[in-house]
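The sequence shown begins at 2 in the working numbering and counts up by one.
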Amino acid sequence: MILAPIVLFVYNRLWHTRQTVEALQKNETAGDSQLFIFSDGAKDEDSLREVENVRAYLKTIKGFNKITIIERDINWGLADNIIDGVSAIITKYGKVIVLEDDIVTSPQFLNFMNNALIFYENEKRVWHISGWNYPIETAHLEDTFLWRAIQCWGWATWQDRWKHFEKNPQHLIENFTQEDIYAFDLEGINFFWQQVIKNAKNQINTWAVFWYATFFRHKGLCLSPSQTYVYNIGFDGSGIHCDTNDIYTGVLNTKQTVTYTHQIEENEIALNRIKLFYRENIQIKNDTIAFSKSLGIVYNYLSTLKRDDKYYIVYGAGFGAKLIINFMPTSIVYMIDQDISKQGDFIENIPIYYLDSLHKNPEYQILISPFGRAKEIMSTLHVMYNVPMERMVSLDILND
């Protein structure tokens with residue numbers, strides 16, 4: 002087996018870098034693998050000493066077949082460093098395994114990645130191999146599955162796929178339809194598209210969302226393990242793009258024998274479990290925080306609606322819907338939710354129906370209850386379900 006070169010990107014975090022390297026050294030095939038380390042230059046005087054400390058450590062690393070250190074003279078930034086480094090190595094070797102300086106790997110990580118690169122090399126719908134997966138329920142899943150989105154905490158790909166990579170946010174904005182954006186965001190569950198917009202406005206500078214967009218446009222798929230082979234130690238506030246959060250941490254997979262899926266299509270079970278993870282861990286948290294900040298204003302607005310003596314349908318059956326129903330129960334006819342499993346349930350004796358009931362009573366306006374996402378939801382309902390914009394009422398008072 003011809004092993005893929007490992008490409009590691011580091012900056013100024015010595016402890017994280019050491020943890021990453023030491024875990025990698027414990028992999029069975031580390032001693033037969035080439036390791037390329039791209040060390041970014043210091044951004045300012047405060048970072049210079051930290052960068053120098055990291056570079057001093059890099060020169061002591063052993064345990065690999067060959068180690069090549071590329072020291073940047075200036076600060077490239079994470080995105081440009083990765084794009085350039087991956088492109089340089091993959092052009093020469095045809096495939097790469099990529100890590101950043103805060104990714105701790107299982108001893109079976111390199112085996113998993115190298116075997117996957119060989120298994121799917123000629124399966125052109127598979128564009129990306131991930132070593133990480135969300136901590137989801139694995140019952141009724143194979144060892145691996147395919148789905149549409151990117152996971153970049155320990156990943157691999159091939160030169161014939163990577164050559165299509167393009168970082169052009171304006172091109173995406175001009176060419177993605179509303180249907181594309183909806184699918185790109187996992188049917189409104191994630192906020193990948195916001196990253197594209199923020200890159201276009203120079204508010205952030207990232208790379209991964211554009212790699213995702215590249216293989217999304219080519220109908221490519223990402224292979225993921227059902228149980229993660231890596232975990233991210235960068236959620237301590239030290240990373241460039243990482244906050245403090247441990248909801249993504251799962252138990253490391255140490256399985257030696259892996260069954261690689263032959264189903265070259267998106268796995269609906271895995272997709273729905275990932276969506277559930279986002280709803281339970283990210284959307285609800287973010288929506289609740291935003292809603293609580295504006296609660297007084299929202300109550301005033303609901304009071305105005307209540308005085309109009311009209312009837313409404315509520316879209317969504319979460320925190321916002323419960324608040325609306327508790328405040329104006331006699332004004333709500335029923336609720337609609339995109340989760341079909343909620344159909345037939347009740348909140349305070351008010352029934353929940355599925356999306357196919359959107360046009361059931363066109364005389365009633367629809368209150369959009371998920372706070373902080375009304376514009377996105379209204380756009381989706383308008384484009385995908387032909388709901389007139391004037392029929393929908395946003396509760397995003399501060400955002401309107």
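Beta carbons are placed, not taken as given, at the ideal position from N, Cα and C, and that holds for glycine.
8 Å Cβ shell around residue i - same chain, five flanking residues per side excluded
{"i": "GLN257", "result": "GLN109 and ASN112"}
{"i": "LYS67", "result": "GLN35 and LEU36"}
{"i": "ARG392", "result": "PRO363, GLN366 and ILE367"}
{"i": "ASN402", "result": "Absent from the model: residue 402. The displayed extent of the chain is 2 to 401, so no value can be given."}
{"i": "THR30", "result": "LEU4, LEU111, ASN112 and ASN115"}
6 Å Cβ shell around residue i - same chain, five flanking residues per side excluded
{"i": "SER293", "result": "Low confidence applies to SER293: its pLDDT is 49, below 50, so where it sits in the model is not reliable, and the reading given next is rough at best. Nothing listed; no residue qualifies."}
{"i": "VAL315", "result": "ALA322, ILE325, ILE333, MET336, LEU368 and SER370"}
{"i": "VAL52", "result": "ASN13 and ALA43"}
{"i": "ILE83", "result": "PHE10 and TRP208"}
{"i": "LEU253", "result": "SER107"}
Within 7 Å, strictly: CB atoms of residue i and residue j
{"i": "SER304", "j": "ILE337", "result": "no"}
{"i": "TYR183", "j": "THR381", "result": "yes"}
{"i": "ALA5", "j": "LYS96", "result": "yes"}
{"i": "LEU356", "j": "LYS276", "result": "no"}
{"i": "LYS343", "j": "ALA375", "result": "no"}
{"i": "ASP41", "j": "TRP77", "result": "yes"}
{"i": "PHE217", "j": "PHE185", "result": "yes"}
{"i": "ILE190", "j": "LYS199", "result": "no"}
{"i": "ILE104", "j": "GLY64", "result": "no"}
{"i": "ASP144", "j": "VAL8", "result": "no"}
{"i": "GLU267", "j": "TRP194", "result": "no"}
Bounding residues of the alpha helix (DSSP H) (the contiguous stretch that carries residue i)
{"i": "TRP77", "result": "First-last for TRP77: undefined, no H or E at that position."}
{"i": "ILE353", "result": "No alpha helix (DSSP H) holds ILE353; the beta strand (DSSP E) holding it covers 351-354."}
{"i": "VAL384", "result": "375-386"}
{"i": "HIS172", "result": "170-176"}
{"i": "VAL22", "result": "15-26"}
{"i": "ALA271", "result": "269-279"}
{"i": "SER48", "result": "46-59"}
{"i": "TYR183", "result": "179-185"}
{"i": "VAL197", "result": "193-201"}
{"i": "PHE120", "result": "110-120"}
{"i": "ASN327", "result": "320-328"}
Between the CA atoms of residue j and residue i - distance to the nearest angstrom
{"i": "VAL127", "j": "ILE71", "result": "30 Å"}
{"i": "GLY32", "j": "ILE98", "result": "15 Å"}
{"i": "SER1", "j": "LYS202", "result": "Here the chain comprises residues numbered 2 to 401, so residue 1 is not present and cannot be evaluated."}
{"i": "TYR230", "j": "ASN176", "result": "36 Å"}
{"i": "THR215", "j": "MET114", "result": "21 Å"}
{"i": "GLY240", "j": "THR207", "result": "With a pLDDT of 47 at GLY240, under the threshold of 50, the modelled position of this residue cannot be trusted; read the value that follows with caution. Going from the Cα of GLY240 to the Cα of THR207 covers about 13 Å."}
{"i": "ILE348", "j": "ASN273", "result": "23 Å"}
{"i": "ALA157", "j": "GLN196", "result": "22 Å"}
{"i": "ASP346", "j": "GLU46", "result": "59 Å"}
{"i": "TYR302", "j": "VAL394", "result": "11 Å"}
{"i": "LYS60", "j": "THR21", "result": "15 Å"}
{"i": "ASN309", "j": "LEU396", "result": "The sequence shown places Asp at residue 309, rather than the Asn named in the question. The straight-line gap from Cα to Cα measures roughly 16 Å."}
{"i": "ILE265", "j": "LYS164", "result": "22 Å"}
{"i": "TYR261", "j": "GLU377", "result": "36 Å"}
{"i": "LEU222", "j": "PRO389", "result": "34 Å"}
{"i": "GLU138", "j": "ILE270", "result": "10 Å"}
{"i": "ILE130", "j": "PHE328", "result": "49 Å"}
{"i": "VAL384", "j": "ALA140", "result": "35 Å"}
{"i": "THR255", "j": "ILE234", "result": "18 Å"}
{"i": "TYR386", "j": "ASP340", "result": "16 Å"}
{"i": "LYS168", "j": "ASP81", "result": "10 Å"}
{"i": "ASN282", "j": "ASP74", "result": "40 Å"}
{"i": "HIS172", "j": "PRO352", "result": "43 Å"}
Identified DSSP bridge partners for residue i
{"i": "TRP148", "result": "CYS223"}
{"i": "MET336", "result": "VAL315 and ILE353"}
{"i": "LYS96", "result": "TRP159"}
{"i": "VAL299", "result": "VAL299 is not bridged to any residue."}
{"i": "TYR232", "result": "VAL105"}
{"i": "GLN366", "result": "TYR313"}
{"i": "LEU9", "result": "ILE38 and LEU100"}
Close-in-space but distant-in-sequence residues of the same chain around residue i (CB under 7 Å, 5 per side omitted)
{"i": "THR18", "result": "VAL11, VAL55, TYR58 and ASP102"}
{"i": "MET2", "result": "ASN115 and ILE119"}
{"i": "PHE278", "result": "TYR135 and ILE137"}
{"i": "LYS27", "result": "PRO108"}
Unbroken beta strand (DSSP E) run spanning residue i, endpoints
{"i": "THR106", "result": "104-106"}
{"i": "PHE39", "result": "35-40"}
{"i": "SER395", "result": "393-395"}
{"i": "ILE62", "result": "No beta strand (DSSP E) holds ILE62; DSSP gives it neither H nor E."}
{"i": "TRP208", "result": "Segment: none, TRP208 is in no beta strand (DSSP E) and carries neither H nor E."}
{"i": "TRP128", "result": "127-131"}
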